[in-house]
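Reading through the structure tokens given below for one structure.
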Amino acid sequence: FRLHFGIEPDKAGQCLADGMEVRAFLGYSGWSAGQLEHELKHNTWVVADIPEDIVQPPHDKALWRRVLAAQGDEWRLLAEEPDDNSLN
2 FRLHFGIEPD KAGQCLADGM EVRAFLGYSG WSAGQLEHEL KHNTWVVADI
52 PEDIVQPPHD KALWRRVLAA QGDEWRLLAE EPDDNSLN
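FYI, my numbering numbers position 13 of the sequence shown as 14, with every residue one higher than the one before it.
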């Protein structure tokens, strides 16, 4: 297992050529000074232990749902909610 932050496209290509899996994420999250602490204090984040198998495949679209469901029954209900709420 290797974790790269800000990996260059050529390096990602080499990892793929070497038979490694590459997963890319695009986006940015940032907080002003004290904002994250404030959000944590007001329970706006789900803070959880990271399961050991999170770094192992499969890393499919259900990863977030699996991690959320492991936090208890209330969170499991949210995790199992369909993407289209009209199907609920």
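From the three backbone atoms N, C-alpha and C, an ideal C-beta is built for every residue, glycine too.
Every value quoted in this text rests on a predicted model; they were computed, and no experiment measured them.
Just checking my contact of residue i with residue j at CB under 8 angstroms: how many whole Å lie between their CB atoms?
i	j	result
Glu81	Ala70	7 angstroms
Val47	Trp76	7 angstroms
Val23	Ala34	Actually they are not in contact, since the Cβ atoms of Val23 and Ala34 sit about 34 angstroms apart, beyond 8 angstroms.
In its own chain, which residues sit with a C-beta less than 7 angstroms from the C-beta of residue i, not counting the 5 before and 5 after it?
i	result
Ser30	none
Please classify residue i: does DSSP put it in a helix, a strand, or coil?
i	result
Trp32	coil
Glu40	helix
Gln15	helix
Glu9	coil
Trp46	coil
Arg24	coil
Asp84	coil
Asp74	helix
Kindly indicate which residue of the options has the alpha-carbon position closest to the one of residue i.
i	options	result
Gly28	Ala63, Pro83, Gly7, Asp84	Gly7
Ile51	Glu38, Trp65, Cys16	Trp65
Within the same chain, show all residues whose beta-carbon is closer than 8 angstroms to that of residue i, passing over the 5 residues directly before and after it, in chain order.
i	result
Arg67	Ala80
Asn91	In this structure the chain extends from 2 to 89, so residue 91 is not present and cannot be described.
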